[in-house]
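Visitor: According to this note's numbering, the residues represented by the sequence shown are 591 to 783, in order. So that we are looking at the same thing, I have put the structure below in structure tokens.
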Amino acid sequence: ARRTIAGGGVLLVFILLVFGVRGCLDARKESAMEDYANRSTELLRESKLEGDALFELLQSEGGTEQVVDIQNALNGYRVQSSERVDRARGLDVPDEVSGAQRYLLDVLELRRDGLAQTADAMRTALGDQDRRQGTDGVTEAMQVFLASDTIDQIRFRPVLRDSLEEEDLTVPAFPGETFVPDVEWLDAAFVAD
């Protein structure tokens, strides 16, 4: 009888230990997923703020005396966006959100490439020659930004949201607007007028 009771006690301790370990692993996984969601959303928020500054700069009156300041600002955006991609690559990515991570990298890489293209094109657009070519380059960069917005809106956010909701985790507040603002000067009809 004592052996049976002792065996039952050992079995009970073993079962409790298994459930305890499983609970710790589940808590760790959930914490890692929430941490990833918060960090990735923060990277998008930073990118959105950078986009706001970029479009404010592009809509400014400019002038020949501001060419250097504009170029410096654009080069700063280029560096910051490249560093943001590196930070995104360095995120701890749980398996449950690996699909979202692929899309996050696509979004941030497209924005980095668009900012680099804009900086290069603006150098030409603000110069004395080939201004039209520079303006065309900026227009092409806008298409890259729009592609990043599309991937963000229809791929990254839904995949991350679904992964979090599947685990009954809180979905972070995404930046409210897209990288490309609703500005008239991007409208083809406005340009044609």
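Where is the CB? At the ideal position from N, CA and C, for every residue including glycine.
Is Leu-681 helix, strand or coil by DSSP?
Guide: coil
Visitor: Please name the residue in Ala-763, Arg-701 and Val-749 whose C-alpha comes closest to that of Glu-757.
Guide: Val-749
Visitor: For Phe-746, which residues in the same chain have their Cβ closer than 7 Å to its Cβ, ignoring the five residues on either side in sequence?
Guide: Excluding positions up to five away in sequence, the list reads Ala-690, Tyr-693, Leu-694 and Val-697.
Visitor: Does the distance from the C-beta atom of Arg-704 to that of Val-734 stay below 7 Å?
Guide: Per the sequence presented here, residue 704 reads as Gly, with Arg not at that position. Contact: yes.
Visitor: Output the boundary residues of the alpha helix (DSSP H) element that contains Leu-759.
Guide: Taken as a continuous stretch (DSSP letters only), Leu-759 belongs to no alpha helix (DSSP H), as it is neither H nor E.
Visitor: Give the single residue among Asp-739, Asp-710 and Ala-596 whose Cα lies nearest to the Cα of Glu-767.
Guide: Asp-739
Visitor: Near Gly-641, which residues of its chain fall below 6 Å by C-beta distance, leaving aside the five closest residues on each side in sequence?
Guide: Phe-769
Visitor: Nearest to Asp-682 by alpha carbon, out of Ser-621, Val-761 and Ala-663?
Guide: Ser-621
Visitor: Only counting the same chain, and skipping five residues up and downstream in sequence, which positions put a Cβ closer than 8 Å to that of Glu-686?
Guide: Lys-619, Met-623, Ser-753, Glu-756 and Glu-757
Visitor: Quick check on DSSP: helix, strand or coil for Ala-763?
Guide: DSSP places Ala-763 in coil when its eight states are reduced to three.
Visitor: Given Phe-764, which residues of its chain have a CB within under 7 Å of its CB, disregarding the five upstream and five downstream residues?
Guide: Thr-631, Leu-634 and Arg-747
Visitor: So Gln-649 and Arg-713 are in contact, right, with Cβ under 8 Å, and what is the actual spacing, rounded?
Guide: Contact doesn't hold; Cβ gap of about 18 Å is too wide.
Visitor: Report the residue from Ala-596, Asp-710, Thr-729 and Thr-594 whose alpha carbon sits nearest the alpha carbon of Tyr-667.
Guide: Asp-710
Visitor: If you draw a straight line from the alpha carbon of Val-552 to that of Arg-612, how long is it in whole angstroms?
Guide: In the structure as shown, the chain begins at 591 and stops at 783. Residue 552 is therefore absent and cannot be evaluated.
Visitor: On the three-state DSSP scale, how would you describe Glu-636?
Guide: DSSP, reduced to helix, strand and coil, places Glu-636 within a helical segment of the structure shown.
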